[in-house]
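Visitor:
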Amino acid sequence: MRLVKYIALFLFTFLLALFFLTPKENLYYLLEKELLLKQDIIIDKEKFSSTPISARIEHATIIVHDIPVATITEAKFLSLIFYNQANIYDVEFNDLAKNYLQSNIDTIILKQNILKPFFISVSAQGDFGNAKGYIDLKKRLLHLDVSLDKDIPTIKRYLQKGNKGWYYEYRF
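Converting from the sequence shown to this note's numbering requires adding 698 to each position, the first position being numbered 1.
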């Protein structure tokens, strides 16, 4: 029985040390390379900083297919063993993207916990109003329920009318 306690203590200590000592910047660039570059999305000109449980990106430019689409003032990532959260602030679209969207996003919050590892809750606020929804990684589905503060035809053409109001769905 003592051996089991020592093994459990060793595994817990090892996982805790691995969690705190993982180089967050290297992990960030690896994820960017493996996930975003395959979709021809680049995050450029960002300033990266980190602590043992969080990371922060400031003044990032989002480039899609060699076209600058948006700038992000700040993104904060909190990573705990059982809970993860990303807060993205002040997403400003460039002139080309504003022709399609005509609004900026003030805040995007993404939350994920260990109880539902393939489910990410999403909430956003911006010039358009509010959006709440989820990303289901198993079904490869993004669903957002959108409450519009003002009528923006360029955004409305991407939305569908449902029983509870407007919503947006995208399969990836």
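For glycine and all other residues, C-beta sits at the position ideal for the given N, C-alpha and C.
According to DSSP, is Asn-792 part of a helix, a strand, or is it coil?
Guide: Asn-792 falls in the coil class under three-state DSSP.
Visitor: Report yes if the C-beta distance between Lys-722 and Ser-777 is below 9 Å; otherwise report no.
Guide: Yes. Within cutoff.
Visitor: Which whole-angstrom value is the C-beta distance of Ile-770 and Val-789, which I expect to be below 8 Å?
Guide: Correct: roughly 5 Å between the Cβ atoms.
Visitor: Any idea if Phe-826 is buried or exposed, counting beta-carbon neighbours within 10 angstroms, 16 or more meaning buried?
Guide: The residue is buried, with at least 16 neighbouring Cβ atoms inside 10 Å.
Visitor: Could you tell me the boundaries of the beta strand (DSSP E) in which Arg-869 lies?
Guide: Note, Arg-869: beta strand (DSSP E), 863 to 869.
Visitor: Decide if the region 843 to 854 is in contact with the region 827 to 834; the criterion is three or more beta carbon pairs, one per stretch, under 8 Å apart.
Guide: Verdict: yes, contact present.
Visitor: Identify which residue in Lys-731, Pro-750, Ile-760, Tyr-727 has its Cα closest to the Cα of Ile-694.
Guide: No answer is possible for residue 694: the residues shown for the chain start at 699 and end at 870.
Visitor: On the three-state DSSP scale, how would you describe Tyr-798?
Guide: DSSP places Tyr-798 in helix when its eight states are reduced to three.
Visitor: Might you give, ordered along the chain, the residues of its own chain that have their beta carbon closer than 6 Å to the beta carbon of Gln-800, omitting 5 neighbours on each side?
Guide: Ile-850, Thr-852.
Visitor: Roughly how many angstroms separate the alpha carbons of Phe-718 and Asn-785, rounded to a whole number?
Guide: Phe-718 and Asn-785: Cα-Cα distance of roughly 20 Å.
Visitor: Can you give me the start and stop residues for the alpha helix (DSSP H) that Lys-743 sits inside?
Guide: Segment: none, Lys-743 is in no alpha helix (DSSP H) and carries neither H nor E.
Visitor: Which same chain residues end up closer than 6 Å to Ala-758 when comparing Cβ atoms and leaving out the 5 residues on each side of it in sequence?
Guide: Only Ile-741, Glu-744, Ile-770 meet the Cβ criterion.
Visitor: Go ahead and label Leu-728 buried or exposed: buried means 16 or more other beta carbons lie within 10 angstroms of its beta carbon, across all protein chains shown.
Guide: Per the 10 Å Cβ criterion, exposed.
Visitor: Along the chain, where does the alpha helix (DSSP H) that runs through Glu-723 open and close?
Guide: That run of the alpha helix (DSSP H) goes 722 to 729.
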